[in-house]
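Asks:
There are 2 protein chains.
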Amino acid sequence: MRRLLGPSIAALTAALIAAQPAAGGGFDPAEIPAYAGEHEAVYARIDSEIEQHLGQLQRWVRQRSISAQDDGVREMAELLAADLRQLGFAEVSLVETRGHPGVFGYYDAGAERTVVVYMMYDVQPVDPDWRIEDPFSGELVELPIGRVLMARGATNQKGPQRAFLNAVDAIRKETGGLPVNLYVVAEGEEELGSPNFGEVLAPYIERLRKADAAFFPMNLQRPSGEATLNLGVKGIIYFELEARGGDWGGPSRNDIHGSYKVLVDSPALRLIQAIASMTSKDGNTIMIEGYYDPIREPSTSERALIERQAATADDAALQKALGTSRWIDGLTGREAIERHLFHPTLNVNGIWSGYTGEGTKTVLPHKAVAKIDSRLPPGLEPEAAYAMIRRHLDKHGFGDLSLRPMSGYPAAHTPVEDPLVQAVIGVLNKYGATPEVSPWLAGSAPFYQFTRTLDLPFVFGGLGHGSGAHAPDEYMLIEPAEGTRAAGLAELEKSYVDLLYALSEGAGR
Amino acid sequence: MRRLLGPSIAALTAALIAAQPAAGGGFDPAEIPAYAGEHEAVYARIDSEIEQHLGQLQRWVRQRSISAQDDGVREMAELLAADLRQLGFAEVSLVETRGHPGVFGYYDAGAERTVVVYMMYDVQPVDPDWRIEDPFSGELVELPIGRVLMARGATNQKGPQRAFLNAVDAIRKETGGLPVNLYVVAEGEEELGSPNFGEVLAPYIERLRKADAAFFPMNLQRPSGEATLNLGVKGIIYFELEARGGDWGGPSRNDIHGSYKVLVDSPALRLIQAIASMTSKDGNTIMIEGYYDPIREPSTSERALIERQAATADDAALQKALGTSRWIDGLTGREAIERHLFHPTLNVNGIWSGYTGEGTKTVLPHKAVAKIDSRLPPGLEPEAAYAMIRRHLDKHGFGDLSLRPMSGYPAAHTPVEDPLVQAVIGVLNKYGATPEVSPWLAGSAPFYQFTRTLDLPFVFGGLGHGSGAHAPDEYMLIEPAEGTRAAGLAELEKSYVDLLYALSEGAGR
Numbered sequence: 001m002r003r004l005l006g007p008s009i010a011a012l013t014a015a016l017i018a019a020q021p022a023a024g025g026g027f028d029p030a031e032i033p034a035y036a037g038e039h040e041a042v043y044a045r046i047d048s049e050i051e052q053h054l055g056q057l058q059r060w061v062r063q064r065s066i067s068a069q070d071d072g073v074r075e076m077a078e079l080l081a082a083d084l085r086q087l088g089f090a091e092v093s094l095v096e097t098r099g100h101p102g103v104f105g106y107y108d109a110g111a112e113r114t115v116v117v118y119m120m121y122d123v124q125p126v127d128p129d130w131r132i133e134d135p136f137s138g139e140l141v142e143l144p145i146g147r148v149l150m151a152r153g154a155t156n157q158k159g160p161q162r163a164f165l166n167a168v169d170a171i172r173k174e175t176g177g178l179p180v181n182l183y184v185v186a187e188g189e190e191e192l193g194s195p196n197f198g199e200v201l202a203p204y205i206e207r208l209r210k211a212d213a214a215f216f217p218m219n220l221q222r223p224s225g226e227a228t229l230n231l232g233v234k235g236i237i238y239f240e241l242e243a244r245g246g247d248w249g250g251p252s253r254n255d256i257h258g259s260y261k262v263l264v265d266s267p268a269l270r271l272i273q274a275i276a277s278m279t280s281k282d283g284n285t286i287m288i289e290g291y292y293d294p295i296r297e298p299s300t301s302e303r304a305l306i307e308r309q310a311a312t313a314d315d316a317a318l319q320k321a322l323g324t325s326r327w328i329d330g331l332t333g334r335e336a337i338e339r340h341l342f343h344p345t346l347n348v349n350g351i352w353s354g355y356t357g358e359g360t361k362t363v364l365p366h367k368a369v370a371k372i373d374s375r376l377p378p379g380l381e382p383e384a385a386y387a388m389i390r391r392h393l394d395k396h397g398f399g400d401l402s403l404r405p406m407s408g409y410p411a412a413h414t415p416v417e418d419p420l421v422q423a424v425i426g427v428l429n430k431y432g433a434t435p436e437v438s439p440w441l442a443g444s445a446p447f448y449q450f451t452r453t454l455d456l457p458f459v460f461g462g463l464g465h466g467s468g469a470h471a472p473d474e475y476m477l478i479e480p481a482e483g484t485r486a487a488g489l490a491e492l493e494k495s496y497v498d499l500l501y502a503l504s505e506g507a508g509r
Numbered sequence: 001m002r003r004l005l006g007p008s009i010a011a012l013t014a015a016l017i018a019a020q021p022a023a024g025g026g027f028d029p030a031e032i033p034a035y036a037g038e039h040e041a042v043y044a045r046i047d048s049e050i051e052q053h054l055g056q057l058q059r060w061v062r063q064r065s066i067s068a069q070d071d072g073v074r075e076m077a078e079l080l081a082a083d084l085r086q087l088g089f090a091e092v093s094l095v096e097t098r099g100h101p102g103v104f105g106y107y108d109a110g111a112e113r114t115v116v117v118y119m120m121y122d123v124q125p126v127d128p129d130w131r132i133e134d135p136f137s138g139e140l141v142e143l144p145i146g147r148v149l150m151a152r153g154a155t156n157q158k159g160p161q162r163a164f165l166n167a168v169d170a171i172r173k174e175t176g177g178l179p180v181n182l183y184v185v186a187e188g189e190e191e192l193g194s195p196n197f198g199e200v201l202a203p204y205i206e207r208l209r210k211a212d213a214a215f216f217p218m219n220l221q222r223p224s225g226e227a228t229l230n231l232g233v234k235g236i237i238y239f240e241l242e243a244r245g246g247d248w249g250g251p252s253r254n255d256i257h258g259s260y261k262v263l264v265d266s267p268a269l270r271l272i273q274a275i276a277s278m279t280s281k282d283g284n285t286i287m288i289e290g291y292y293d294p295i296r297e298p299s300t301s302e303r304a305l306i307e308r309q310a311a312t313a314d315d316a317a318l319q320k321a322l323g324t325s326r327w328i329d330g331l332t333g334r335e336a337i338e339r340h341l342f343h344p345t346l347n348v349n350g351i352w353s354g355y356t357g358e359g360t361k362t363v364l365p366h367k368a369v370a371k372i373d374s375r376l377p378p379g380l381e382p383e384a385a386y387a388m389i390r391r392h393l394d395k396h397g398f399g400d401l402s403l404r405p406m407s408g409y410p411a412a413h414t415p416v417e418d419p420l421v422q423a424v425i426g427v428l429n430k431y432g433a434t435p436e437v438s439p440w441l442a443g444s445a446p447f448y449q450f451t452r453t454l455d456l457p458f459v460f461g462g463l464g465h466g467s468g469a470h471a472p473d474e475y476m477l478i479e480p481a482e483g484t485r486a487a488g489l490a491e492l493e494k495s496y497v498d499l500l501y502a503l504s505e506g507a508g509r
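As given, the protein sequences belong to chains U and C, one line each in that order. Per the UniProt record's numbering, the first sequence runs over residues 1 to 509. Per the UniProt record's numbering, the second sequence runs over residues 1 to 509.
#1: Using the beta-carbon count (16 or more within 10 Å), is Ala310/C buried or exposed?
#2: Using the rule of at least 16 other Cβ atoms within 10 Å of the residue's Cβ for burial, across every protein chain shown, is Gln58/U buried or exposed?
#3: 8 Å is my cut-off, CB to CB: does Tyr238/C come that close to chain U?
#4: Taking 8 Å as the CB-CB limit, is Asp392/C close to chain U?
#5: Considering just the uninterrupted stretch of the alpha helix (DSSP H) at Glu59/C, what are its terminal residues?
#6: Hey, Leu231/U and Val421/U: beta-carbon distance below 8 Å or not?
#7: Between which two residues does the beta strand (DSSP E) containing Tyr118/C stretch?
#8: In chain order, which alpha helix (DSSP H) runs of at least 4 residues are fully inside the segment 167-248 of chain U?
#9: Does the structure place the segment 92-102 of chain U close enough to the segment 159-166 of chain U that three or more beta carbon pairs sit under 8 Å?
#10: With a threshold of 8 Å between beta carbons, is Ala310/U in contact with chain C?
#11: Per the contact definition of three or more C-beta pairs closer than 8 Å, is the segment 406-425 of chain U in contact with the segment 257-268 of chain U?
#12: On the three-state DSSP scale, how would you describe Met1/U?
#13: Determine, using beta carbons only, whether Leu269/C and Val348/U come nearer to each other than 8 Å.
#14: Do Thr279/U and Ile286/U come within 8 Å of each other at the CB atom, strictly closer than that value?
#15: On the DSSP bridge list, what partners appear for Asn347/U?
#16: Would you mind listing the beta strand (DSSP E) stretches within the segment 458-491 of chain U that are 3+ residues and don't spill past its ends, in chain order?
#17: Between Val262/U and chain C, is there a C-beta pair that is closer than 8 Å?
#18: Quick one: what's got a C-beta closer than 7 Å to Ile430/U's C-beta in the same chain, skipping five residues either side?
#19: Apart from the five residues just before and just after Phe342/C, which ones in its own chain have a Cβ nearer than 6 Å to its Cβ?
#20: Which word fits Gln52/U, buried or exposed, when buried means at least 16 other C-beta atoms lie within 10 angstroms of its C-beta?
#21: Counting C-beta neighbours from all protein chains within 10 Å, is the total for Ile205/C 16 or more, i.e. buried, or is it exposed?
#22: By DSSP, does Leu403/C sit in helix, in strand, or in coil?
#23: Going straight from the alpha carbon of Ala30/C to that of Val148/C, what length do you get?
#24: Using 8 Å for Cβ pairs, my map puts Met120/C next to Ala77/C. What's the rounded Cβ distance?
#25: Which residues bound the beta strand (DSSP E) around Tyr106/U?
#26: Along the beta strand (DSSP E) that carries Arg147/C, what are the first and last residues, could you check?
#27: Report the CB separation of Val184/C from Gly105/C in whole angstroms; it is logged as a contact under 8 Å.
#28: Using a C-beta to C-beta distance shorter than 9 Å, which residues of chain C count as neighbours of Thr279/U?
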């Protein structure tokens with residue numbers, strides 16, 4: 001595992017691939033009827049225009065849009081907006097924010113049902129370790145699994161998004177319209193943790209809330225064809241906790257000579273004691289009063305999903321992938337899966353104080369800081385979590401520590417019973433990619449914007465295979481080699497066609 | 001207070017100036033008879049040759065000898081050796097070590113008594129913030145307190161050491177000999193923590209142990225003339241404590257995604273819990289079994305010294321100087337002084353783990369490290385301290401943490417009743433600089449090499465004033481302005497003359 005940046009989709013994707021045991025037993029998504037519609041004329045157009053469609057993906061990845069480095073971002077927003085106009089979206093705007101602009105588009109198909117499609121048009125920075133010369137050239141590379149588009153953004157997230165728009169294009173050209181009305185809401189700061197996505201949504205919230213479903217196109221097939229479907233994410237709070245010398249004691253101006261510890265309080269030990277008070281001695285049970293109270297029991301359908309995962313869970317394989325020898329508390333199988341989903345975490349992402357160089361410098365540091373996050377299962381709200389932590393600190397005599405919230409949003413999930421979920425599984429079943437379904441990921445993403453702010457059922461996923469998000473040699477599969485079961489570009493686009501028709505036929509609410 | 005490098009004399013000096021309340025009450029060093037000898041001819045020679053003597057100090061500071069940067073170090077060793085030969089030391093050698101060479105010299109005066117003089121010939125690096133152009137030019141600068149030699153090494157420690165040799169030179173020229181036999185043992189790595197000083201002493205230990213006293217010339221007067229005399233130092237252990245993923249759990253290869261905390265043990269929390277277990281919740285009482293057991297009660301004379309300090313202790317002033325609002329446990333006055341001297345510390349000099357940059361990267365770090373030191377009062381031996389800490393960790397379930405000793409040596413002290421101490425105070429009294437006396441410093445230096453390895457009484461101190469060790473604008477006072485009571489170079493050299501005669505008359509054992 002590489003280090004992964006904060007709550008972003010690439011992190012989720014990596015987590016998915018590592019964390020999901022093969023499904024089996026209990027609840028069976030294979031029993032959901034495969035989507036039965038056939039749209040042969042549209043499929044044929046996709047097949048005949050696939051080279052142009054691939055060209056669209058290449059055009060997108062050739063436009064740099066590195067949000068962290070403000071490299072090409074606005075140009076990509078304008079490219080996306082122009083593409084939406086070209087595709088017949090009558091209403092298209094750049095939405096200015098404190099950061100990079102969002103893009104809003106609306107295609108009024110005069111249809112009964114309306115789908116919101118979320119897009120991120122920014123990408124991660126690149127390092128020099130790529131096997132190709134230019135990660136922004138749109139190069140096609142032959143790999144054992146088949147021909148791939150190798151580029152920054154190929155799978156995270158330009159490839160699947162533009163494939164979705166290719167499907168829209170094919171339907172329109174063949175039928176003169178779309179089976180659903182379509183909103184596109186895109187942001188250019190997903191890789192930065194979506195700090196201003198609320199501003200992108202804000203002007204349109206009342207309209208968007210009237211839609212029926214929200215969808216985020218994402219390559220979630222393995223080369224073998226197996227797909228995963230996670231029906232939500234945990235929430236998160238992320239904060240800095242800082243102890244520094246002050247009225248309570250300790251050096252308040254700067255570090256002092258270490259020998260003074262004999263008379264002077266230590267902010268570093270204070271931070272250490274404060275953090276220690278928040279967990280059991282083994283670091284694995286959160287000792288903050290009330291923290292586990294909001295955890296609910298799995299619902300009947302969630303329990304079915306858990307049982308299904310448990311039937312084939314391979315703890316040892318995942319432990320090996322993570323380089324760890326055990327799960328906390330000796331958990332295995334179903335218990336580990338349920339803990340994974342339903343428990344909050346308290347994790348020290350980083351801690352620092354004083355002298356951290358070579359040798360033996362002796363100082364009593366005047367401050368110490370930790371970066372702590374807590375993953376929030378559904379039910380544990382960020383505001384409540386922050387309040388309980390603050391109350392714990394105050395109650396245990398650590399009232400002087402400053403707690404600086406840096407992020408906080410709740411979990412998001414859509415029940416497996418939701419017609420949107422059933423429609424997505426039905427389409428996947430049609431392509432022989434019956435997914436492993438999990439109630440939600442243990443990772444976090446601000447998808448509450450769809451499930452809570454917009455109050456819509458939300459699914460992220462689909463056919464298609466890619467790899468290397470946030471890493472060198474990022475790619476998306478275009479033409480599978482013999483033996484590769486994951487969908488290539490044409491099949492992926494066809495599945496998006498089917499999904500739009502399936503949603504027009506009653507999925508969503 | 002600036003950050004001070006490890007156990008070195010400059011740290012001690014700064015601690016002295018900050019930490020010592022004015023003396024008063026109980027034991028009175030003023031009652032020790034002033035040294036009564038008069039050596040007029042030698043004094044006169046010092047006065048008449050003072051410009052040449054100052055020239056010797058300048059010659060020493062002009063020779064760079066930055067041990068940390070290996071800049072001029074051997075040249076300085078050779079310069080010192082040559083000077084000793086020139087002063088009539090019949091036996092002079094460079095002593096090769098794993099690091100910079102030591103210098104050994106012996107002057108056989110045919111005298112009854114023998115004195116060991118410790119010298120350090122290395123200096124700290126320089127930064128560009130000096131008010132003079134070149135910290136190695138030997139420049140004389142007029143300050144409000146008088147004319148000073150401003151240079152790296154001026155007071156730490158070339159100035160007082162060469163002043164001592166100037167006194168030797170004057171005695172020899174005037175009398176044809178010396179009143180005591182003289183060993184010089186010098187190292188070029190004091191600023192590095194004296195890692196190889198044992199190697200410098202090793203070939204000569206049996207001879208050195210037959211001496212009567214050991215002395216380290218040091219400017220310890222304030223401009224107002226007040227002097228301090230500390231009769232020892234605490235010992236120290238300094239170690240790194242590291243938790244990393246392994247058989248016990250946790251990620252063993254590299255950092256993993258933070259959301260896995262829900263199933264995976266955290267080395268950072270493990271280190272935090274281990275350190276927390278070693279202190280009380282306020283960080284101020286060491287919870288390691290047996291750690292306070294070796295602490296002895298102050299002796300009668302130590303109690304007298306403490307009472308004297310307590311009589312005029314100004315806790316608020318020292319707290320202000322350190323930027324702290326209180327002493328631990330609400331201590332004040334005599335209690336604080338006794339705690340300061342007689343208690344060990346457990347101090348986190350530094351701690352680090354995981355992500356410490358901007359923003360909200362979410363990782364479960366695979367290792368965490370702390371740099372911890374413990375100051376050891378007399379009686380608490382470094383080997384015993386290490387063993388108790390290891391035992392504590394093992395007993396509390398932290399057997400997997402690695403404890404890496406980086407330094408360890410015991411306290412050193414010489415009782416105030418010792419004839420050497422009485423002689424030094426007698427000389428200071430003669431010059432109206434009755435010292436504030438403390439049993440030892442709360443800081444650390446490897447002076448056990450004198451008190452334990454050589455089994456000699458040992459004093460570090462004397463008249464003279466300097467400032468800026470380890471800092472820009474380091475200086476030593478040469479000619480006091482009117483109103484400055486600290487000794488200038490001539491008076492300092494005369495006090496060294498007196499000290500050598502005083503020691504010849506029966507001080508030491």
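No residue lacks a Cβ here, since even glycine has one placed at the ideal position from N, Cα and C. As the structure is a computational prediction, the values presented were derived from the model and not from experiment.
Replies: Here's the rundown:
#1: Here residue 310/C refers to the residue found at position 310 when the second sequence is read from its first residue. Burial check for Ala310/C: the Cβ neighbour count within 10 Å reaches 16 or more, so the residue is buried.
#2: Translated into positions along the first sequence, residue 58/U becomes position 58. So Gln58/U ends up on the buried side.
#3: In the second sequence, counting from the first residue as 1, residue 238/C sits at position 238. Yes - at least one Cβ of chain U is within 8 Å of the one on Tyr238/C.
#4: One-based indexing of the second sequence puts residue 392/C at position 392. In the sequence as displayed, the identity of residue 392/C is His instead of Asp. Taking Cβ atoms only, chain U never reaches closer than 8 Å to His392/C, which makes this a no.
#5: Locating residue 59/C in the second sequence gives position 59, counting from the first residue. Checking the sequence, you will find Arg at residue 59/C rather than Glu. Looking at the DSSP string, the run of the alpha helix (DSSP H) that includes Arg59/C is 50-62.
#6: The residue you call residue 231/U lines up with position 231 of the first sequence. The residue you call residue 421/U lines up with position 421 of the first sequence. When the beta-carbon positions are compared, Leu231/U and Val421/U come within less than 8 Å of each other.
#7: In the second sequence, counting from the first residue as 1, residue 118/C sits at position 118. Annotation: the continuous beta strand (DSSP E) that includes Tyr118/C extends over 114-120.
#8: Runs of the alpha helix (DSSP H) inside the segment 167-248 of chain U: 197-201, 205-208.
#9: Output reads no: the segment 92-102 of chain U does not touch the segment 159-166 of chain U.
#10: Here residue 310/U corresponds to residue number 310 of the first sequence, with the count starting at 1. Not one chain C Cβ lies under 8 Å of Ala310/U.
#11: The segment 257-268 of chain U is not in contact with the segment 406-425 of chain U.
#12: Counting from one through the first sequence, the residue named residue 1/U turns up at place 1. Any reading at Met1/U needs caution, since the residue's pLDDT is 25, under 50, leaving its predicted position unreliable; the model's value is listed next. The answer is coil: DSSP assigns Met1/U none of H, G, I, E or B.
#13: As a first step, residue 269/C is located in the second sequence; it is residue number 269 there, counting from the start. As a first step, residue 348/U is located in the first sequence; it is residue number 348 there, counting from the start. Going by C-beta atoms, Leu269/C is nearer than 8 Å to Val348/U.
#14: In the first sequence, residue 286/U corresponds to position 286, counting from 1. In the first sequence, residue 279/U corresponds to position 279, counting from 1. Yes. Within cutoff.
#15: Residue mapping note: residue 347/U aligns to position 347 of the first sequence, counting from 1. According to DSSP, which records beta bridges pairwise, Asn347/U is partnered with Asp373/U.
#16: Within the segment 458-491 of chain U, the beta strand (DSSP E) runs of at least 3 residues that lie entirely inside it are, in chain order, 458-461, 475-480.
#17: Here residue 262/U corresponds to residue number 262 of the first sequence, with the count starting at 1. Interface annotation, Val262/U: in contact with chain C, CB-CB separation under 8 Å.
#18: Position 430 of the first sequence, counted from the start, is the residue given in the question as residue 430/U. According to the sequence provided, residue 430/U is Lys. The question's Ile does not apply to it. The beta carbon of Lys430/U lies closer than 7 Å to those of Ala34, Tyr35, Asp498 in the same chain, with the five residues before and after it left out.
#19: Locating residue 342/C in the second sequence gives position 342, counting from the first residue. Excluding positions up to five away in sequence, the list reads Ile295, Pro377.
#20: Counting from one through the first sequence, the residue named residue 52/U turns up at place 52. Exposed.
#21: The residue labelled residue 205/C in the question sits at position 205 within the second sequence. The residue is exposed, with fewer than 16 neighbouring Cβ atoms inside 10 Å.
#22: By one-based count along the second sequence, residue 403/C stands at place 403. For Leu403/C, the three-state secondary structure derived from DSSP is strand.
#23: Here residue 30/C is taken as the residue at index 30 of the second sequence, counted from 1. Here residue 148/C is taken as the residue at index 148 of the second sequence, counted from 1. The C-alpha of Ala30/C lies about 29 Å from the C-alpha of Val148/C.
#24: Locating residue 120/C in the second sequence gives position 120, counting from the first residue. Locating residue 77/C in the second sequence gives position 77, counting from the first residue. In fact, because the Cβ distance is near 11 Å, the residues do not count as touching under 8 Å.
#25: As a first step, residue 106/U must be located in the first sequence, where it is residue number 106. Counting along the chain, the beta strand (DSSP E) containing Tyr106/U begins and ends at 102-107.
#26: In the second sequence, the residue the question calls residue 147/C occupies position 147. For Arg147/C, the enclosing beta strand (DSSP E) has its first and last residue at 146-150.
#27: For the purposes of this step, residue 184/C is taken as residue 184 along the second sequence, with counting starting at 1. For the purposes of this step, residue 105/C is taken as residue 105 along the second sequence, with counting starting at 1. With a Cβ gap of about 4 Å, Val184/C and Gly105/C count as contacting.
#28: Position 279 of the first sequence, counted from the first residue, corresponds to residue 279/U. Taking a Cβ-Cβ cut-off of 9 Å, the neighbours of Thr279/U in chain C comprise Ser266, Leu269, Ile272, Gln273, given in sequence order.
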